[in-house]
Amino acid sequence: KLPMVIGGVVRALLRSGIVVRKGAKLGEIDPSGNREVCYTIRPRVRAIAGGVLEAILMRFNV
Numbered sequence: 073k074l075p076m077v078i079g080g081v082v083r084a085l086l087r088s089g090i091v092v093r094k095g096a097k098l099g100e101i102d103p104s105g106n107r108e109v110c111y112t113i114r115p116r117v118r119a120i121a122g123g124v125l126e127a128i129l130m131r132f133n134v
């Protein structure tokens with residue numbers, strides 16, 4: 073069992089069997105309670121992914 077200190081919607085959770093250090097973040101809870109956030113990509117995450125893709129394309133001259 074994992075203690076929850078806030079209410080909301082579970083947005084992310086590590087799968088069973090993953091080894092982590094004590095105190096590590098195991099998941100993410102969105103306190104808004106809006107289930108739609110589980111099916112969207114946040115702008116910051118999208119920007120990071122775009123930067124990673126751009127770096128890969130530049131590295132391989134694509």
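In the working numbering, the protein residues as written are 73 to 134.
Positions of the beta carbon are idealized from the N, C-alpha and C atoms, including for glycine.
None of these values were measured; they are calculated from a predicted model.
Helix, strand or coil at residue i [DSSP, three-state]
i, result
"Arg93", "coil"
"Leu85", "strand"
"Arg116", "helix"
"Gly79", "coil"
Endpoints, alpha helix (DSSP H) assigned at residue i
i, result
"Gly99", "Premise fails: Gly99 lies in the beta strand (DSSP E), 99-102, not in any alpha helix (DSSP H)."
Pick from the options that is closest to residue i, judged by C-alpha positions
i, options, result
"Gly105", "Glu126, Val82, Val134", "Val82"
"Glu108", "Pro75, Ile90, Gly80", "Gly80"
CB contact flag (residue i, residue j, <7 Å)
i, j, result
"Gly99", "Ala84", "yes"
"Pro103", "Ile128", "no"
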